[in-house]
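Inspection log for the structure reproduced underneath, given as structure tokens.
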Amino acid sequence: MKLTFLKIFVFLIATVSIYSYVGQLVPQFEEQPPAKKLITVATPPAELAAIGEELVRVKGGCLICHKVTESGNVRGPDLRQAAGLAGRRREGMGADAYLIESLVTPDAYLVPGYPKMMPSAVKPPANMNMAEVKAIIAYLQTLGGAEVSVKILAEDIQAAKAAGPVHKGKEAMATHGCIGCHKVEGEGGEVGPEITKVGAGRTAEELLKKIVEPSVWTAPGYAAGIMPAELGKAIPPGELHEIVAYLMGLSGKSYSPTGAESPWSHEGVRLGLVVLVFNLIMLAALAVAGRADRRPKAEDA
Amino acid sequence: MASPTDAPSAFAALKGTYKGVLKISLMLAATYLVAQSLSSWLPAADYRQFFGLSNRTTVWIVAELHLMFAAFVLGVPIFAVITELVGAVTKEKRYDDLAKEFTRLLAMAYTLTAVLGCVLLVLFVVLYPKLTGYLSGLFKPTWLVYLVLIFGEVIIAYLYWYSWDLLQGPRKKWHLLLGLLVNLWGTALLFVADIWVTFMMSPAGIDDAGKLTSLWAAINNPTWMPINIHRLLANVAFGGSIAAAYGAVRFLNAKTDEERARFDWMGYIGSFIAIAAFIPLPFAGYWLGREIYQFSQQMGVSMMGGSFAWLWILQAMLIGSLFLASNFYLWLGMGRIPGAERYVKFQIPMMILLTIGFIVWATPRSIIASGAEMSAMGGSHHPFLGLFGVMAAKNTAVNLMILTTFFSFMLYRRGNRVATVSWAAAGKIAQALAIAAAAGVVLGYGIYSYYVPSNIRIGFSVYQVSAVLAAMAVFVAIDIPLLKGAKEIGAIRWGQIPARAQYALFFLAISFTWLMGLMGYIRSGIRQYWHIYGRVADESVNAYTMTHGHATIIVSIITVIFFLLVSVVFWMASRNDPREAAK
Amino acid sequence: MQRWTLHIAVALWLSVLFGLKLGVRPPMPASVLMIYMTLTTIGILVFVAANEERFQAFLAPLKAVFAGRAPKAAQIAVLAGIPLLAGWGAWLRTAPSLDAPFEPRVVHPEPPTSFSSHGKRIDAATLKNPLRAAQEKNPAELEKLTQQGKTIYYQNCFFCHGDALAGDGHFANAFSPIPANFRDVGTISMLQESFVYWRVATGGPGLPKGATPWLSAMPVWQNFLSEDEIWKAILYIYAGSGSTPRTWDEEGGHEKH
């Protein structure tokens, strides 16, 4: 008996080994997911411009004020002309240098007719590195129909920031504009209170509610009704939880950005109760059947 | 689990059933507590590792094992009930015994399936918290349905087993009804579980932000039904092959001729079920492939023509081996049938056909060649071998192999019988013509399809398949009246078969299992770096597609673990055999 | 007859080997020959083992050799021959060769979900030939566009893909892999036009990692041709090679559940 099992086991190992061996004979390569678009010194201009376009639309949030198509916002100048006019804006300044200046220190020169309102691209909320600034310029140049003339230098590229769930919350705060008004970890605007330690005195649920429904409370010393309600409502639930997890983490508290969405936590106990009741019913049925089972036997005796 | 050895009573049946319910309840409670405490105790993360092991590999192994056991417990009742029905209709006790033997394997396997399912659930919640949170939020109603179905399945299946001796004789019809319910419930269970799997492959019913717009659209996504059907058939084939392997083990361990005869017969029935369910599988697979192409051409191309193309060579090798092994088993089986030596002469042409079919099927589309060989061929395509590499040739080959195997089985069936009806000669000629016509249609369309564009060519495989199926139907339709009242040359000498035939049964079981592991990998792997294809990207370090060598090793490991677990089930089942206990 | 089973099996095996090695022109690559011979071996062995008498007859000479009952010459031939054959095989495997290493490659690399062409991002899944779509009801106009495509083809593609669109242009033999043969049923007729557009627009450099190490010399045509010109050329290569693009809509339409 043992010998039979041993023989079968050897046969099993031999068969699967042959299959695995054939698996080794076919070409072997790993396919990596498409790389997150990293800008390097060697990035070709067309690709650089494509990355720049993405940055203008998403991370930079430029289209909140500027336009790149006929329809669009006109709080700032039309970006389609930006590259074309760049060389003529300031005396003695080249087009590239002007574009870099206008992104890094926007207040240095204002296009006539527009107010002083643009935040620097290298500071939050956009918080880009120089390589990204140059990618945007490359995009602006293709947008204007010109040749891409910016060059990425080695020092423009900073090491990528560590990515993780906690940093996701940080990123989300930048994308959704929280940093525009609030200061977190030393970066951000002055309109609202600093919220680095907001988690110390509040629970995660309170924070969640405050973001979606800003009127629930207001920090002392600040006027109520300033914080826009539609901003919080626009944040997808997943990122909302990430933001709360990040803020709670800053105060040394933990909050699972995922646990709250699991139906198990809400309904597990209720389901458990149902199962328990079901078990009890089965037990009762069993007891009844047991009695019925014993009775005929008793009669036989 | 104890067999109903005591006097059959409703109370004993209920008691046994309740034990099953209690087991499931406790397991679910434990799962809930472990998953909840782990996810609140561990620091928040999108992905977690499993004690240094890759989370992907961990989930892969456990999920595949769970799937295999689930396939077994869903597949076996299907043919257990059919066998039981055959027994009830023919009033032959041995069929009823066989059906009970099949069901005996189930009870223990249920427990293992449930344990693996619970472990898998904990792993999902702990290792992939974010994705699991999203999916379970999306499909909350289906989870509840699933839970209800699990309890229903456990109750009915255990009742089916425990009431076997109770519901005999005039009460048999109630037992058969229970068996039918087991299968309906099991199929519903499978369909619900498939929702989650197929949604990840071909998401539907959600908007761009990932919010649910229509639950029904998400459930009835493009690949749901094809996978349901594909898995249902595969479960039967798989269950049959494992049951045959069980018969083979018992045969090899048997001490008496009576036992050998019994388990030889069980192995034969199991392998017959496996092969019968296996033959329509490629067609279900074809439907699935089409839906995948229709859903996303990119996914389709990366499945059939991209890097995964190489795995289809492996699949071809496996399926070819399955055909060879099943013919091998049938031919060896003919050795125990007096009179079957009349048909031995057909083995040479059949073997040649099978080997050539196998060769055509295994010819790669992309040929591995060195520089010198390439220049000799005048490019990367061989002008002659290239003809074998395309789907047209492979469809033709596999249809001919199916036809050959079918013919082999039909010869086996009439091994010891001599038709006595007056029209016997005419009938045989008609049968031969049917086979020849099907082969002609298959070959004809196979050759013709080289001359037409692809969208027309695709339709041809339908004609080829129809021709083969029609020939089979005609053959069987003639065969039944033809062999009515046939003269028997002698009784089949069950149990008189060389041991290597039993190894052919093991080979079938191992290859089916391995094939299932491989196909599961391809199905899951073609999502590449997506959790939910095109919607939710895999952002973990494991987002890459591993090398084929690595993947096949993992599939082998899964197969070995599966068989180790299965041998525990077999050992338990044979330990609880009342006949064994009586000794 | 039966007592010669082993000898017949060996003779059959050898004749298949030499038949394939010498009978197929151009010679088949070693990898394919290996597959074929493995399967032939399996086929012969399975056949022999599938019948008890046959199997015993097959084993008898072997048993005789290993039990020392066979003639001395046969014993020497087997006992010395098998190690020698194994040694020869080992030597063949390890002997250095001047051949370039193997280059496994996939025939239809998977297209990306989106790619960049003419400065735009293009979604591969929804891409359709705009010319074909616009002129569907107007065969004369489509014919005109196809003729323009022919001109474009002859000005740009003809040098490699050839006069007959068979991948045998003047430069074809300079490349490895050779240019695609559009008349082969396994090439464009198996593909949607969006796939072909992707291959033309992004050329060899646009191929994914899965297709490596692919040395396709196809230029990045979006740098030389406009979108319209590429689509016209595609119209022509389908019309000229007598194939139609693969579409999924028309087949699936009525079966969609």
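Chains as they are written, first to last, in numbering that gives the first Met the number 0: chain A, 0 to 300; chain B, 0 to 582; chain C, 0 to 256.
All C-beta atoms, glycine included, are put in the ideal place defined by N, C-alpha and C.
Only a predicted model underlies this, so the values are computations on that prediction, with no experimental measurement involved.
Quick check: what's the CA-CA separation for residue i versus residue j?
| i | j | result |
| --- | --- | --- |
| histidine 256 of chain C | glycine 284 of chain B | Because histidine 256 of chain C sits at a pLDDT of 31, beneath the cut-off of 50, its placement in the model cannot be relied upon, and the point is left open. |
| phenylalanine 506 of chain B | alanine 217 of chain B | 39 Å |
| glycine 288 of chain B | phenylalanine 307 of chain B | 13 Å |
| histidine 181 of chain A | arginine 534 of chain B | 32 Å |
| glycine 185 of chain A | histidine 229 of chain B | 58 Å |
| aspartate 77 of chain A | valine 67 of chain A | 7 Å |
| valine 565 of chain B | threonine 82 of chain B | 22 Å |
| alanine 203 of chain B | asparagine 220 of chain B | 6 Å |
| serine 261 of chain A | tyrosine 127 of chain B | Low per-residue confidence applies at serine 261 of chain A: pLDDT is 49, beneath 50, and the placement is therefore not dependable, though the value from the model is reported in the following sentence. Taking the straight line joining both Cα atoms gives about 12 Å. |
| glutamate 372 of chain B | glutamate 258 of chain B | 57 Å |
| proline 70 of chain C | valine 64 of chain C | 8 Å |
| alanine 297 of chain A | glycine 151 of chain B | With a pLDDT of 48 at alanine 297 of chain A, under the threshold of 50, the predicted position of this residue should be treated as unreliable, though the coordinate-derived value follows. Going from the Cα of alanine 297 of chain A to the Cα of glycine 151 of chain B covers about 33 Å. |
| alanine 41 of chain A | leucine 139 of chain A | 19 Å |
| alanine 238 of chain C | glycine 168 of chain C | 18 Å |
| alanine 244 of chain B | alanine 435 of chain B | 34 Å |
| phenylalanine 511 of chain B | isoleucine 274 of chain B | 10 Å |
| tryptophan 87 of chain C | proline 497 of chain B | 36 Å |
| lysine 14 of chain B | alanine 283 of chain A | 11 Å |
| alanine 161 of chain A | leucine 41 of chain B | Because the pLDDT of alanine 161 of chain A is 35, which lies under 50, any placement of that residue in the model is unreliable, and the number read from its coordinates should be weighed accordingly. Answer to the nearest angstrom: the Cα atoms are 20 Å apart. |
Per DSSP, residue i is paired with what?
| i | result |
| --- | --- |
| alanine 536 of chain B | B/Trp529 |
| arginine 416 of chain B | B/Glu487 |
| serine 30 of chain C | Serine 30 of chain C is not bridged to any residue. |
| valine 183 of chain A | A/Glu186 |
| threonine 544 of chain B | A/Glu30 |
| phenylalanine 114 of chain C | C/Ile121 |
| alanine 14 of chain B | The question names alanine, but residue 14 of chain B in the sequence shown is lysine. Beta-bridge pairing links lysine 14 of chain B to no other residue. |
| isoleucine 187 of chain C | DSSP, once it has assigned bridges, lists no residue as partnering isoleucine 187 of chain C. |
| isoleucine 205 of chain B | B/Leu211 |
With distances taken between CB atoms, is the gap from residue i to residue j smaller than 8 Å?
| i | j | result |
| --- | --- | --- |
| asparagine 398 of chain B | arginine 55 of chain B | no |
| methionine 36 of chain C | leucine 16 of chain C | yes |
| threonine 141 of chain B | isoleucine 194 of chain B | yes |
| glutamate 228 of chain C | isoleucine 151 of chain C | yes |
| isoleucine 200 of chain B | arginine 526 of chain B | A small correction: the amino acid at residue 200 of chain B is methionine; isoleucine does not occupy that position in the sequence shown. A contact, by the Cβ cut-off of 8 Å. |
| alanine 49 of chain C | glutamine 346 of chain B | yes |
| valine 191 of chain B | isoleucine 77 of chain B | no |
| serine 240 of chain C | arginine 198 of chain C | no |
| threonine 354 of chain B | threonine 243 of chain C | no |
| leucine 249 of chain A | glycine 198 of chain A | yes |
| isoleucine 491 of chain B | isoleucine 336 of chain B | yes |
| leucine 517 of chain B | leucine 310 of chain B | yes |
| tyrosine 502 of chain B | alanine 550 of chain B | no |
Anything in chain C within Cβ reach of residue i, meaning under 8 Å, just list it in chain order.
| i | result |
| --- | --- |
| threonine 141 of chain A | Gly118 |
| tryptophan 330 of chain B | Ala49 and Asn50 |
| isoleucine 291 of chain B | Simply none; closest approach about 11 Å. |
| alanine 45 of chain A | Ser115 and Gly118 |
List, in chain order, every chain B residue whose beta-carbon is nearer than 8 Å to that of residue i.
| i | result |
| --- | --- |
| glycine 267 of chain A | Tyr31 and Gln35 |
| glycine 205 of chain C | Residues of chain B passing the Cβ test: none, with the nearest at roughly 14 Å. |
Residues of chain A with a CB under 9 Å from the CB of residue i: which are they?
| i | result |
| --- | --- |
| glutamine 48 of chain B | Residues of chain A passing the Cβ test: none, with the nearest at roughly 14 Å. |
| serine 225 of chain C | Residues of chain A passing the Cβ test: none, with the nearest at roughly 16 Å. |
Taking residue i as the query, report the chain C residues whose CB atoms sit under 7 Å from its CB, ordered along the chain.
| i | result |
| --- | --- |
| isoleucine 358 of chain B | Tyr35 and Leu38 |
So with CB distances below 7 Å, who are the chain A contacts of residue i?
| i | result |
| --- | --- |
| alanine 9 of chain B | Ala288 and Asp292 |
| methionine 316 of chain B | Val21 |
| glycine 548 of chain B | Gly22, Gln23 and Gln27 |
Which residues in chain C have a C-beta closer than 9 Å to the C-beta of residue i? List them in chain order.
| i | result |
| --- | --- |
| phenylalanine 327 of chain B | Val45, Phe46, Ala48 and Ala49 |
Please list, in chain order, the chain A residues whose beta carbon lies closer than 8 Å to that of residue i.
| i | result |
| --- | --- |
| tryptophan 513 of chain B | Thr14, Val15 and Tyr18 |
query: Taking only runs of the beta strand (DSSP E) that begin and end inside the segment 248-306 of chain B, which ones reach a length of at least 3 residues, in chain order?
result: none
Problem - Whole runs of the alpha helix (DSSP H) within the segment 71-139 of chain A, excluding any shorter than 4 residues - result: 81-88 and 94-103
Can you give, in chain order, each stretch of the alpha helix (DSSP H) that sits fully within the segment 320-392 of chain B and has at least 4 residues? 346-361, 370-376 and 385-388
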